[in-house]
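Novice: Handing you a structure now.
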Amino acid sequence: MGLLSRMKSTVNQLQTPVTSNCGFGTYLLQDGEENIGQFLYLEGIEYHMFNTYDVHFYASYALLMLFPKLELSIQRDCAMAVMMHDPSKMKIMSDGTWVSRKVLGAVPHDIGLNDPWFEVNAYNFFNTDRWKDLNSKFVLQVYRDFVATGDKIFGKAVWPSVYIAIAYMDQFDKDGDGMIENEGFPDQTYDAWTVSGVSTYSGGLWVAAVQAASAMAHEVGDAAAADYLWAKFQKAKSVYEKLWNGSYFNYDNSGRRSSSSIHADQLAGQWYARASGLSPIADEEKIRTALKKIYDFNVLKHKGGMCGAVNGMLPSGKPDMSALQSREIWTGVTYSLAANMIQEGLVDIAFQTASGIHSTAWSDKGLGFGFQTPEGWNTDDHYRSLCYMRPLAIWAMQWALSKPKLHNQEMKQMSSSLSENSSYVKQDAGFQEVARLLKLPKEQASTSYIQSLHQFLCNKFSI
2 MGLLSRMKST
12 VNQLQTPVTS
22 NCGFGTYLLQ
32 DGEENIGQFL
42 YLEGIEYHMF
52 NTYDVHFYAS
62 YALLMLFPKL
72 ELSIQRDCAM
82 AVMMHDPSKM
92 KIMSDGTWVS
102 RKVLGAVPHD
112 IGLNDPWFEV
122 NAYNFFNTDR
132 WKDLNSKFVL
142 QVYRDFVATG
152 DKIFGKAVWP
162 SVYIAIAYMD
172 QFDKDGDGMI
182 ENEGFPDQTY
192 DAWTVSGVST
202 YSGGLWVAAV
212 QAASAMAHEV
222 GDAAAADYLW
232 AKFQKAKSVY
242 EKLWNGSYFN
252 YDNSGRRSSS
262 SIHADQLAGQ
272 WYARASGLSP
282 IADEEKIRTA
292 LKKIYDFNVL
302 KHKGGMCGAV
312 NGMLPSGKPD
322 MSALQSREIW
332 TGVTYSLAAN
342 MIQEGLVDIA
352 FQTASGIHST
362 AWSDKGLGFG
372 FQTPEGWNTD
382 DHYRSLCYMR
392 PLAIWAMQWA
402 LSKPKLHNQE
412 MKQMSSSLSE
422 NSSYVKQDAG
432 FQEVARLLKL
442 PKEQASTSYI
452 QSLHQFLCNK
462 FSI
């Protein structure tokens, strides 16, 4: 398999100086393609990191709709960064461990600050090589941009990085059921909200991403990989459905008190799947029921629905106070939720949901943020991080309303028994070999006093 040979070649070169590796996507341009250069923008005026990728996931609709060539430039940079390996050590603030700055196969949190493209991952609160959303978000963004622009050259150039990004995540499927599991710390964009096991956010993104990878393989002519990844998508989808409790998808399946939290962003994977012309990640009636539940609880039960969607609400109708971010209202998440609602035909409640952000940020009765819309505010109206990137997700509402023409081919329905044929077995052997090469080394346990105290209190009070 060509990708496997490329992987082995890359691994053999990992001892070369780090300065020979960088995230310049221009290297992926083919002869005759226009080089418009690189683009950087800060996560916010208080969070100094360029092109923060887990947040760009929300903001990217603005660039795709207004400056599509710049958007493709950012994605090429990320595709190159997936192939980077920087063994230089950086200290993680949350537990004091020293880790490699960036490992092969992991999508970086950001493209850097001091030396963008060369020294990635300015963020160092957690080891983002273990985050469960970044790789899925890369695959989903690349596929959406590919079908939105119809740029086949772009698609073929980034396809190897897409495959490797999926293979890298295989190590986080601990039980081999096709679904990745969160590892008991805030290992996703909600980096102050612990999650463990199968989760509605990271899990849903994963289901959508594997389907997107299958569709992209089909588009670039890799039929064997398309079939193989479709089978993996079906497995992951069946596990994700188990989070359904009758009215929404549980926050996670760990059994903690917050596991039943109603997460405003629980269907982020569905948002991207529908926007990109893919199949739903779960039963469509369940999806609409969950969105209505979020509206009834996360939106309407806080200040009459005039502040946006609270990230986490308990089944009792009270905000989830277990974490800093569970009790916040995030502007960009609310806009993406509204876009999701529009795509599922719930237009009226979508605009009611989004209007709360406008009222709070812009109206004379609001909090007066004007042209410095923050990441969000909590239930006491205390804001965090002004001039933030994520609110650009309002452009996702326009995307949902305008329904742009997509350049994707219709995929034939593949057999559910695909995993039994010889082609699948051959593909699986190659995939597992790549995944093995990408697997992180076992880390020696290192837990800070604050982490230990936090875990003790969570266990003590069944949080």
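Using the working numbering, the first residue of the sequence shown is number 2, and each one after it goes up by one. Every residue, glycine too, gets a C-beta built ideally from N, C-alpha and C.
The beta strand (DSSP E) that contains residue 91, what's its start and end?
Specialist: Along the sequence shown, one-based indexing puts residue 91 at 90. Segment 87-92, the beta strand (DSSP E) holding residue 91.
Novice: Grouping DSSP H, G and I as helix and E and B as strand, with all else coil, what is residue 463?
Specialist: By one-based count along the sequence shown, residue 463 stands at place 462. Residue placement at residue 463 is flagged as unreliable, the pLDDT there being 48, under the threshold of 50; a coordinate-derived value is accordingly withheld.
Novice: Buried or exposed for residue 67, going by 16 or more other Cβ atoms inside 10 Å?
Specialist: To locate residue 67, count along the sequence shown from 1; it is residue 66. That one is exposed.
Novice: Rounded C-beta distance between residue 214 and residue 167? I'm assuming under 8 Å.
Specialist: Translated into positions along the sequence shown, residue 214 becomes position 213. Translated into positions along the sequence shown, residue 167 becomes position 166. Confirmed, Cβ separation roughly 5 Å.
Novice: Please confirm whether residue 45 and residue 376 have their CB atoms less than 8 Å apart.
Specialist: In the sequence shown, residue 45 corresponds to position 44, counting from 1. In the sequence shown, residue 376 corresponds to position 375, counting from 1. The answer is yes: Cβ separation under 8 Å.
Novice: Taking only runs that begin and end inside the region 41-114, name each unbroken alpha helix (DSSP H) of 4 or more residues, in chain order.
Specialist: 54-67 and 69-83
Novice: Are residue 394 and residue 62 close, meaning C-beta to C-beta below 8 Å?
Specialist: The count along the sequence shown starts at 1 and reaches residue 394 at position 393. The count along the sequence shown starts at 1 and reaches residue 62 at position 61. Against a cut-off of 8 Å, the Cβ pair of residue 62 and residue 394 comes out as a contact.
Novice: Starting from the C-beta of residue 180, find all residues in its chain whose C-beta is less than 7 Å away, skip the five residues before and the five after it, and write them out in chain order.
Specialist: Mapped onto the sequence shown, residue 180 falls at position 179. Same-chain partners within the cutoff: 174, 199, 204, 207, 237, 240 and 241.
Novice: From residue 41 to residue 216, what does the alpha carbon distance come to, in whole angstroms?
Specialist: Counting from one through the sequence shown, the residue named residue 41 turns up at place 40. Counting from one through the sequence shown, the residue named residue 216 turns up at place 215. Rounded to whole angstroms, the separation of the alpha carbons of residue 216 and residue 41 is 29 Å.
Novice: Which same chain residues, not among the five before or five after residue 69, have their C-beta less than 6 Å away from its C-beta?
Specialist: Here the question's residue 69 lines up with position 68 in the sequence shown. Same-chain partners within the cutoff: 150.
Novice: How long is the line joining the alpha carbons of residue 315 and residue 265, rounded to whole angstroms?
Specialist: What you label residue 315 is simply residue 314 of the sequence shown in a count that begins at 1. What you label residue 265 is simply residue 264 of the sequence shown in a count that begins at 1. Near 11 Å, if we compare the C-alpha coordinates of residue 265 and residue 315.
Novice: Does the count of Cβ pairs from the region 129-138 and the region 154-172 closer than 8 Å reach three?
Specialist: yes
Novice: For a quick check, are the C-beta atoms of residue 330 and residue 310 less than 8 Å apart?
Specialist: Taking the first residue of the sequence shown as position 1, residue 330 is located at position 329. Taking the first residue of the sequence shown as position 1, residue 310 is located at position 309. Yes, the Cβ-Cβ distance between residue 330 and residue 310 is below 8 Å.
Novice: May I have the straight-line CA-CA distance separating residue 345 from residue 288, to the nearest angstrom?
Specialist: To locate residue 345, count along the sequence shown from 1; it is residue 344. To locate residue 288, count along the sequence shown from 1; it is residue 287. One C-alpha to the other measures close to 8 Å.
Novice: From the DSSP output, read off the bridge partner residues of residue 379.
Specialist: Taking the first residue of the sequence shown as 1, we reach residue 379 at position 378. Answer is 329.
Novice: Going straight from the alpha carbon of residue 385 to that of residue 126, what length do you get?
Specialist: Translated into positions along the sequence shown, residue 385 becomes position 384. Translated into positions along the sequence shown, residue 126 becomes position 125. So the alpha carbons of these two residues sit roughly 17 Å apart.
Novice: Secondary structure at residue 372, three-state DSSP: helix, strand or coil?
Specialist: Here residue 372 is taken as the residue at index 371 of the sequence shown, counted from 1. Residue 372 carries a coil assignment under DSSP once its states are collapsed to helix, strand and coil.
Novice: Whose C-alpha, out of 50, 292, 201 and 105, is nearest the C-alpha of residue 440?
Specialist: Residue mapping note: residue 440 aligns to position 439 of the sequence shown, counting from 1. Ranking 50, 292, 201 and 105 by Cα distance to residue 440 puts 105 first.
Novice: Under 8 Å between the Cβ atoms of residue 116 and residue 197?
Specialist: Taking the first residue of the sequence shown as position 1, residue 116 is located at position 115. Taking the first residue of the sequence shown as position 1, residue 197 is located at position 196. The Cβ atoms of residue 116 and residue 197 do not sit closer than 8 Å to each other.
Novice: Determine the direct distance from the alpha carbon of residue 348 to that of residue 233, and round the result to whole angstroms.
Specialist: Stepping through the sequence shown from its first residue, residue 233 is reached at position 232. Stepping through the sequence shown from its first residue, residue 348 is reached at position 347. Straight-line Cα distance between these residues: approximately 33 Å.
Novice: Of the residues 27, 178, 122 and 140, which one's Cα is nearest the Cα of residue 164?
Specialist: Your numbering for residue 164 matches position 163 in the sequence shown. It is 140 whose Cα lies nearest to the Cα of residue 164.
Novice: What is the residue span of the alpha helix (DSSP H) that residue 185 lies within?
Specialist: One-based indexing of the sequence shown puts residue 185 at position 184. Element bounds for residue 185: not the alpha helix (DSSP H) but the beta strand (DSSP E), 183-186.
Novice: I believe residue 374 touches residue 332 by the beta-carbon criterion, under 8 Å. Please report the beta-carbon distance rounded to the nearest angstrom.
Specialist: As a first step, residue 374 is located in the sequence shown; it is residue number 373 there, counting from the start. As a first step, residue 332 is located in the sequence shown; it is residue number 331 there, counting from the start. With a Cβ gap of about 6 Å, residue 374 and residue 332 count as contacting.
Novice: Measure the alpha-carbon distance for residue 34 versus residue 380 and round it to whole angstroms.
Specialist: As a first step, residue 34 must be located in the sequence shown, where it is residue number 33. As a first step, residue 380 must be located in the sequence shown, where it is residue number 379. Going from the Cα of residue 34 to the Cα of residue 380 covers about 49 Å.
Novice: Using a threshold of 8 Å, state whether the C-beta atoms of residue 89 and residue 26 are closer than that.
Specialist: In the sequence shown, residue 89 corresponds to position 88, counting from 1. In the sequence shown, residue 26 corresponds to position 25, counting from 1. No, the Cβ-Cβ distance between residue 89 and residue 26 is not below 8 Å.
Novice: May I ask which residues mark the beginning and end of the beta strand (DSSP E) holding residue 197?
Specialist: Here residue 197 refers to the residue found at position 196 when the sequence shown is read from its first residue. Residues 196-198.
Novice: Please state whether DSSP places residue 318 in a helix, a strand or coil.
Specialist: Here the question's residue 318 lines up with position 317 in the sequence shown. DSSP places residue 318 outside both helix and strand once states are collapsed to three, so it counts as coil.
Novice: On the DSSP bridge assignment, give the partners of residue 363 in chain order.
Specialist: In the sequence shown, the residue the question calls residue 363 occupies position 362. For residue 363, which the question treats as bridged, DSSP gives no partner whatsoever.
Novice: For the alpha helix (DSSP H) containing residue 161, name the first residue and the last one.
Specialist: Sequence index remark: in the sequence shown, residue 161 carries index 160 (1-based). 153-170 is the extent of the alpha helix (DSSP H) around residue 161.
Novice: Alpha carbon to alpha carbon, how far is residue 221 from residue 156? Give it in angstroms, no decimals.
Specialist: Mapped onto the sequence shown, residue 156 falls at position 155. Mapped onto the sequence shown, residue 221 falls at position 220. Roughly 7 Å between the two C-alpha positions.
Novice: Using 8 Å for Cβ pairs, my map puts residue 30 next to residue 36. What's the rounded Cβ distance?
Specialist: Reading the sequence shown from its first residue, position 29 is the one you call residue 30. Reading the sequence shown from its first residue, position 35 is the one you call residue 36. Separation of the CB atoms of residue 30 and residue 36 is rounded to 6 Å, and the pair is thereby assigned contact status at 8 Å.
Novice: Give a yes or no on whether the C-beta atoms belonging to residue 302 and residue 318 are separated by under 8 Å.
Specialist: By 1-based counting over the sequence shown, the position of residue 302 is 301. By 1-based counting over the sequence shown, the position of residue 318 is 317. Their beta carbons are under 8 Å apart, which means residue 302 touches residue 318 by this criterion.
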